[in-house]
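Chemist: In our numbering, the protein residues as written are 36 to 566.
Can you read through this structure? Questions will come right after.
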Amino acid sequence: MANKPTSFVRSLVGPIASTRPSGAFPTDVSGTQMLSVLPLLYNAAQFVSLVRGGAMTKKFLSLVALMFVVPLSLAAQDAKTVLQAASKAMGDVKSIQYSGTGHLYALGQAYSPTSAWPQNNITSYTRTIDYGSRSSKEELTQVEPTPPRLGGAAPFAGEQKQINLVSGQYAWNQAGNAPQPAVAAAEERQVQIWLTPHGFLKAAMENNATAKKGSEGTTVSFTTGKFKINGTIDSQNMVTGTETWVANPVLGDMPVETAYSGYKDFSGVKFPTMIVQKQGGYPVLDLAVTGVQPNVSLNLPVPEAARTTTLPPVKVTSQKLADGIWFLAGGSHNSVLVEYPTYLVMIEAPLDEARSTAVIAEAKKLVPNKPIKYLINTHHHFDHSGGVRTYVAEGSTIITHEMNKAYYEQVWKAPHRLEPDRLAQNPKKPTFMTIKEKYTLADAGRALEIYPLEGDTHNAGLMMVYMPKEKILVEADDFSWPAGTRSGPRYHANNVNLYRNVQRLMLDVKTIAPLHGDPVPVSELEKLATS
Ligand SMILES: [Zn+2]
């Protein structure tokens, strides 16, 4: 008998609790929902104590049931009313196409840890979304600004055209005639559909949204899959903003906030003329919308390649560059392993935990029974630092430029509930060794030298590693081989700056082991930099 009330309460609380986000969101968000659940839990506790005291009656039971059901259904009712009013005011559409110009920003490629994501210009942009088939086609042309801007992201010459597509669970890019599967992008592209004004209203209506009055309007919230989505609807019944969180290896549960303003009427449908999306606190896209066409047809048959491709397993290859020095490649980014008498040093932890786990496994295979005492991080760009947290979990000391320490300490505190990594599961305070000028890591005949670069426009805290005995230079992003994989004036400036730094420091380099591409004689850098 003692168990009965408890299981009854659980069965009541269960469905209510399950409408909450699955703990996968920053606490301030789930907190707003918790507010409506907490009094219910309190009532449930009272109920248990009353039942235990023998005061349970049928009447009381239905009263308790009422206490559980009423507040939630009111919230749902509120949301429905607000959503219907918004849908009426904004115009219901099956599909929408909007176009304009603006800026595209490179997430995680800031010049310094305290600057915004670097900006390219969008000279043309058209996005078509069909809500019923959950498909979207985004076509854009971007150019790099002149003179070359600061910061990262692969440089290019002239115009770069992109066509990004998603249909249901499948995503691909169209470059020329051949579709390229974009498996890793599918989930975010799908959720982006529900972040648009009309998409938000549709998804909210289908997902038992709740509503809460706030200072800027009514906040409507719902959960789809693992994503919690909030949107604000103002007194004119327009969607003025949406927000969600997506997993990022550096920033954890990263906020994605989109602001919609300057609503105008386009063929009977209201649509914003200004769209700004921020990710991780800084803009990733801003658009001045000049054209909107409701209910255009979008037919996106999923290409066979997109349907059948799955994420390839992480591949790590190793190449011995010299005694005790290995070049670990096999993907888009490399690492270099250096063996010391009693420990290992790893140069670079790119991409994410999956890459780090595979690279660490390869290191342990090459040199069993030595700990990775140091991880050298060349710069804070996310594609070069997304795997660093794994080395913190591994117990390595992180060697990085002094400007990065406070940044890492701050951003690594963010919750990683969407995709918990090792460090999130077993929190540990990171240990740093910071660099601001030449530092030599020498031990029992083995030495490597770490140099911050002067005058670099790719990253303010970029560092390179030189091994004097082997005449090997390890560098990131200023020079990649084979030539032609990167181009444009910004890349040429990087080549020249790297070459100048090598000369300034009078480094006797024979081989460059780049963190993108293949090891190559230094003469290739010299040719590019002096051309
Ligand atoms: Zn970079």
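Here a beta-carbon is modelled for each residue, glycine too, at the ideal position from N, C-alpha and C.
To the nearest angstrom, report how far apart G297 and Y133 are at their CA atoms.
Modeler: Sequence index remark: in the sequence shown, residue 297 carries index 262 (1-based). Sequence index remark: in the sequence shown, residue 133 carries index 98 (1-based). When rounded, the distance between both Cα atoms is 14 angstroms.
Chemist: So what's A539 in DSSP terms, helix, strand or just coil?
Modeler: The residue given as residue 539 occupies position 504 in the sequence shown. Residue identity differs from the one stated: residue 539 is Arg in this sequence, not Ala. Looking at R539 - three-state DSSP - the assignment turns out to be helix.
Chemist: Should T344 and P450 be called a contact, given that it needs their Cβ atoms to be closer than 8 angstroms?
Modeler: The sequence position of residue 344 within the sequence shown is 309, counting from 1. The sequence position of residue 450 within the sequence shown is 415, counting from 1. No.
Chemist: Which first and last residues belong to the beta strand (DSSP E) in which Q227 is found?
Modeler: Here the question's residue 227 lines up with position 192 in the sequence shown. Per DSSP, Q227 belongs to no beta strand (DSSP E); it is in the alpha helix (DSSP H), A221 to W229.
Chemist: Evaluate contact between the region 324-343 and the region 161-176, counting only Cβ atoms and requiring at least three cross-stretch pairs below 8 angstroms.
Modeler: A contact exists between the region 324-343 and the region 161-176.
Chemist: Just to be sure I understand the criterion: a residue counts if its Cβ is closer than 7 angstroms to at least one heavy atom of ligand 1. Which residues meet that?
Modeler: Residues with a Cβ closer than 7 angstroms to any heavy atom of ligand 1, in chain order: Q144, G187, H414, H416, D418, H419, H493, N494, A511 and D512.
Chemist: Kindly indicate the opening and closing residues of the alpha helix (DSSP H) around G234.
Modeler: Walking along the sequence shown from the start, residue 234 turns up at place 199. P232 to E241 is the span of the alpha helix (DSSP H), which, as asked, contains G234.
Chemist: Would you check if there are 3 or more beta carbon pairs closer than 8 angstroms linking the region 465-479 to the region 116-129?
Modeler: At 8 angstroms Cβ cutoff, the stretches do not touch.
Chemist: Starting from A548, follow the beta strand (DSSP E) in both directions and report where the run begins and ends.
Modeler: For this step, residue 548 is matched to residue 513 along the sequence shown. First-last of the beta strand (DSSP E) with A548: T546 to P549.
Chemist: Is N212 buried or exposed, if buried means 16 or more other CB atoms sit within 10 Å of its CB?
Modeler: Here residue 212 is taken as the residue at index 177 of the sequence shown, counted from 1. It is exposed - the Cβ of N212 has fewer than 16 other Cβ atoms within 10 Å.
Chemist: Leaving out five residues before and five after Y442 in sequence, what residues of the same chain have Cβ atoms less than 8 angstroms from its Cβ?
Modeler: On the sequence shown, position 407 is the one that residue 442 refers to. Excluding sequence neighbours, Y442 sits near P148, T149 and H415.
Chemist: I need the boundaries of the beta strand (DSSP E) containing T165, first residue and last residue.
Modeler: Here residue 165 refers to the residue found at position 130 of the sequence shown. The amino acid occupying residue 165 in the given sequence is Asp; Thr does not appear at that position. Looking at the DSSP string, the run of the beta strand (DSSP E) that includes D165 is Q154 to D165.
Chemist: Taking all protein chains shown into account, do 16 or more other C-beta atoms lie within 10 angstroms of the C-beta of Q154, making it buried, or fewer, making it exposed?
Modeler: Numbered from 1 along the sequence shown, position 119 holds the residue referred to as residue 154. So Q154 counts as buried.
Chemist: Nearest-angstrom Cα distance between E559 and A528?
Modeler: Here residue 559 refers to the residue found at position 524 when the sequence shown is read from its first residue. Here residue 528 refers to the residue found at position 493 when the sequence shown is read from its first residue. Cα to Cα, E559 sits roughly 15 angstroms from A528.
Chemist: Can you give the Cα-Cα distance for R342 and A121, rounded to whole angstroms?
Modeler: In the sequence shown, residue 342 corresponds to position 307, counting from 1. In the sequence shown, residue 121 corresponds to position 86, counting from 1. Spanning the two alpha carbons is a distance of roughly 36 angstroms.
Chemist: For M289, list the residues DSSP reports as bridge partners.
Modeler: Here residue 289 corresponds to residue number 254 of the sequence shown, with the count starting at 1. BP columns for M289 point to V281.
Chemist: Helix, strand or coil for E194, going by three-state DSSP, please let me know.
Modeler: Numbered from its first residue, the sequence shown carries residue 194 at position 159. Of the three classes helix, strand and coil, the one that applies to E194 here is strand, per DSSP.
Chemist: Answer yes or no: do R525 and P190 have a C-beta to C-beta separation smaller than 8 angstroms?
Modeler: Counting from one through the sequence shown, the residue named residue 525 turns up at place 490. Counting from one through the sequence shown, the residue named residue 190 turns up at place 155. Yes, these two residues count as a Cβ contact at 8 angstroms.
Chemist: Going by beta carbon distance, what residues of the same chain come within less than 6 angstroms of V327, once the five residues before and after it are set aside?
Modeler: Here residue 327 refers to the residue found at position 292 of the sequence shown. Contacts found: Y133, F301 and F306.
Chemist: Looking at the secondary structure, which residues open and close the alpha helix (DSSP H) in which T149 lies?
Modeler: Along the sequence shown, one-based indexing puts residue 149 at 114. Unbroken run through T149: none, as it is neither H nor E.
Chemist: What's the gap between the Cα of R157 and the Cα of K172?
Modeler: Here residue 157 is taken as the residue at index 122 of the sequence shown, counted from 1. Here residue 172 is taken as the residue at index 137 of the sequence shown, counted from 1. For the sequence presented, residue 157 should be read as Ile rather than Arg. Cα to Cα, the separation comes out at about 16 angstroms.
Chemist: Rounding to the nearest angstrom, what Cα-Cα distance links P455 and K448 in this structure?
Modeler: In the sequence shown, counting from the first residue as 1, residue 455 sits at position 420. In the sequence shown, counting from the first residue as 1, residue 448 sits at position 413. Rounded to whole angstroms, P455 to K448 spans 13 angstroms at the Cα level.
Chemist: Give the straight-line distance between the Cα atoms of T279 and D358, rounded to the nearest whole angstrom.
Modeler: Mapped onto the sequence shown, residue 279 falls at position 244. Mapped onto the sequence shown, residue 358 falls at position 323. Rounded to whole angstroms, T279 to D358 spans 49 angstroms at the Cα level.
Chemist: Ignore the nearest five residues each way along the sequence and tell me which others in T392's own chain have a CB closer than 6 angstroms to its CB.
Modeler: Taking the sequence shown and counting its residues from 1, one reaches residue 392 at position 357. The answer is none, since no qualifying residue turns up.
Chemist: Residues in the same chain with beta-carbon distance under 6 angstroms from V380, minus the five sequence neighbours each way, listed in chain order, please.
Modeler: Translated into positions along the sequence shown, residue 380 becomes position 345. Closer than 6 angstroms at Cβ, skipping near neighbours: V373 and Y409.
Chemist: Exposed or buried, which one is D543 when buried takes at least 16 other CB atoms within 10 Å?
Modeler: Looking up residue 543 in the sequence shown gives position 508. Looking at its Cβ environment, which holds fewer than 16 other Cβ atoms inside 10 Å, D543 is exposed.
Chemist: Could you pull the start and end residues of the alpha helix (DSSP H) that M438 belongs to?
Modeler: Along the sequence shown, one-based indexing puts residue 438 at 403. First-last of the alpha helix (DSSP H) with M438: E437 to V446.
Chemist: Between K545 and K504, which are expected to be in contact by the criterion C-beta below 8 angstroms, what is the C-beta distance as a whole number of angstroms?
Modeler: Within the sequence shown, numbered from 1, the residue matching residue 545 stands at position 510. Within the sequence shown, numbered from 1, the residue matching residue 504 stands at position 469. That pair is no contact at about 11 angstroms.
Chemist: Beta-carbon within less than 7 angstroms of G25's beta-carbon, same chain only, minus the 5 sequence neighbours each way: which residues are those?
Modeler: Here the chain has residues from 36 to 566 only, and residue 25 is not among them.
Chemist: How is the beta strand (DSSP E) around K248 delimited, first residue to last?
Modeler: Counting from one through the sequence shown, the residue named residue 248 turns up at place 213. Taken as a continuous stretch (DSSP letters only), the beta strand (DSSP E) holding K248 covers T245 to G249.
Chemist: If you measure between the beta carbons of T176 and S159, is that distance less than 8 angstroms?
Modeler: One-based indexing of the sequence shown puts residue 176 at position 141. One-based indexing of the sequence shown puts residue 159 at position 124. Yes, the pair counts as a contact, with Cβ atoms nearer than the cut-off.
Chemist: Less than 8 angstroms between the C-beta atoms of R457 and E388, yes or no?
Modeler: Indexing the sequence shown from 1 puts residue 457 at position 422. Indexing the sequence shown from 1 puts residue 388 at position 353. Going by C-beta atoms, R457 is nearer than 8 angstroms to E388.
Chemist: For S256, does the three-state DSSP call read helix, strand or coil?
Modeler: For the purposes of this step, residue 256 is identified with residue 221 of the sequence shown, where counting begins at 1. Here S256 sits in strand by DSSP.
Chemist: At a Cβ threshold of 8 angstroms, is N242 touching chain C?
Modeler: Absence of chain C from the displayed structure is noted, only one protein chain being present.
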